[in-house]
Amino acid sequence: MMATKLLLIELTKLKRSQALLMTFLCPLSIVGLQFLMVLERGGRVVAEKGWISYWYGVTNLWYMLMLPLFVALITTLINATEHRSNGWRFMATMPVKRWQLFVVKAFISWLCIGFAVALMYLFASASILCLILIGYEATTPFSAPFVFDLPKVMLSIVPIVVIGHIVSWLFSSIVLPLVIGITMTVIAVTVANSTYWLYDPWTYHLAVTLFSYDDSSNLASIWGGVFGLTLLSVGATILNKRDIVD
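Its first residue numbered 1, the sequence shown is counted upward by one per residue in UniProt numbering.
Following this line, the structure appears as structure tokens:
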């Protein structure tokens, strides 16, 4: 019962942050960029290679560039509500344990990211329909091939969500999480096609979507879920007794 109340309280706090706005704008910006590129080129690529090329363009931009940065941004924004105005002290007066708050905030971050991924697919589908309505044609019919990757994506991103959550929980500055996100994104693009991808959590969602081969997709999602939940448990245990730096 207390966990449910805490979850509702934290969801209510989203109205005071920019997390919901960013959850809407980030996928919209990626799809909008791809849409404008197709318009600029007169739809030649779509006409030659079909709508699958449009999907590849959107998903490449989203998963290789935006998603890791979005994870860092969302986890920071959700914890920023507590870093401001002595929010941690207020939460300490409530009859909840620190580890419970830690887990609930991580869960909300994960939900926001999942919602953003779903919005990306929705916006991409809507933009393709708009292109069809204004006269753009492709050699293949409309389809949404990557939508079925969503459950695996949600499992694969658990580790980087937890890592971003831990960093933004401990430090109030938005700079550190974003620097980590940018750095690990660059490294992940390099490592994703190598045999060492399993050692880099920032490659798991790429293994599920863009660089999937053999059993890498299943392995990335399963290992991402297991490793992420283990990291969440360890983080909750350690940070339950550690002070937060404002």
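We put the beta carbon where it would ideally sit given N, CA and C, even for glycine.
- For residue 171, the secondary structure class from DSSP, reduced to helix, strand or coil, is strand.
- In the structure shown, the three-state DSSP call for residue 149 is helix.
- Rounded to whole angstroms, residue 232 and residue 40 show a C-alpha spacing of 45 Å.
- The region 72-86 and the region 191-208 do not touch, with fewer than three beta-carbon pairs separated by less than 8 Å.
- Within the same chain, 58, 61, 62, 66, 120 come within 7 Å of residue 30 by CB-CB distance, once the 5 residues on both sides are set aside.
- Only residues of its own chain outside the window of five on either side were considered, and among them 81 have a CB closer than 8 Å to the CB of residue 16, listed in chain order.
- Here the alpha carbon of residue 147 sits roughly 34 Å from the alpha carbon of residue 173.
- Here residue 158 is not near residue 99, since their CB atoms are 8 Å or more apart.
- With respect to the 8 Å criterion, residue 191 and residue 64 are not classified as neighbours on the basis of their beta carbons.
- Annotated three-state conformation of residue 97 is coil, per DSSP.
- Taking a contact as a CB-CB distance under 8 Å, the pair residue 240 and residue 97 counts as one, their CB atoms being some 7 Å apart.
- A straight line joining the alpha-carbon of residue 69 with that of residue 138 spans about 32 Å.
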